[in-house]
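A short worksheet on the structure shown next.
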Amino acid sequence: MILLVEDNPDDEALTLRALKKNNILNEVVVARDGVEALDFLCGTGAHAGRDLARMPEVILLDINLPRINGLEVLEKIRANERTRLLPVVILTTSNEEQDKLKSYTLGANSFIRKPVDFQQFSEAIRHLGIYWLLLNQSPPVIRS
Numbered sequence: 563m564i565l566l567v568e569d570n571p572d573d574e575a576l577t578l579r580a581l582k583k584n585n586i587l588n589e590v591v592v593a594r595d596g597v598e599a600l601d602f603l604c605g606t607g608a609h610a611g612r613d614l615a616r617m618p619e620v621i622l623l624d625i626n627l628p629r630i631n632g633l634e635v636l637e638k639i640r641a642n643e644r645t646r647l648l649p650v651v652i653l654t655t656s657n658e659e660q661d662k663l664k665s666y667t668l669g670a671n672s673f674i675r676k677p678v679d680f681q682q683f684s685e686a687i688r689h690l691g692i693y694w695l696l697l698n699q700s701p702p703v704i705r706s
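Residue 563 is where the sequence shown starts when you use my numbering, and the numbers rise one by one after that.
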């Protein structure tokens, strides 16, 4: 499963289209803000009672999110025993050095700038899928 944390409907549609175009058929759960992402990961709020043994193989996290921004979400993911080992890929339009530095300082596994061109974006998603969903070995689920 992929957790896509994206508030922009156009970027969400573009990402889903790129995944489909590249035959990445994993289930995609979409959270449209930081609170929703954390609720999903922790089984709280609208996601209370969900099976926490099913965690994402990778989290695609935008930085600029409403309610709680992506960097704060990343910080909370890394602070939580159950989620701290999950692979987090920052997928953003930001090319600010400080955003890259802060992302890696907080424990991001990768920082990818969204290309403007769909072909380039699709290619980036293809490589992301190959690495994070096929080659990478996910961490074991931590039960508390």
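The beta carbon of each residue, even a glycine, is placed where N, CA and C say it ideally should be.
Please read these numbers as outputs of a predicted model, since none were measured by experiment.
The alpha-carbon separation between Q660 and K638 amounts to approximately 19 Å. With a threshold of 16 other beta carbon atoms within 10 Å, M617 meets it and is buried. Assigned with DSSP and collapsed to three states, L581 falls in helix. For T654, there is no enclosing alpha helix (DSSP H); the residue is found in the beta strand (DSSP E) stretching over V650 to T654.
When DSSP states are grouped into helix, strand and coil, A670 belongs to the coil group.
The DSSP-derived three-state label of R675 is strand. Nearest Cα to Q681 within the set L648, L653, R579 and G605: R579. In the structure shown, A608 adopts helical secondary structure according to DSSP, grouped into three states. Annotation: the continuous alpha helix (DSSP H) that includes A686 extends over F680 to G691.
DSSP, read as helix, strand or coil, puts I639 in helix. Looking at R675, R612, L663 and A608, the one whose alpha-carbon comes closest to that of L623 is R675. For I564, the enclosing beta strand (DSSP E) starts and ends at I564 to V567.
With a contact defined as Cβ atoms closer than 8 Å, A615 and F602 miss out at about 14 Å.
With a beta-carbon spacing of about 4 Å, N584 and R688 fall inside the 8 Å limit used to define contacts.
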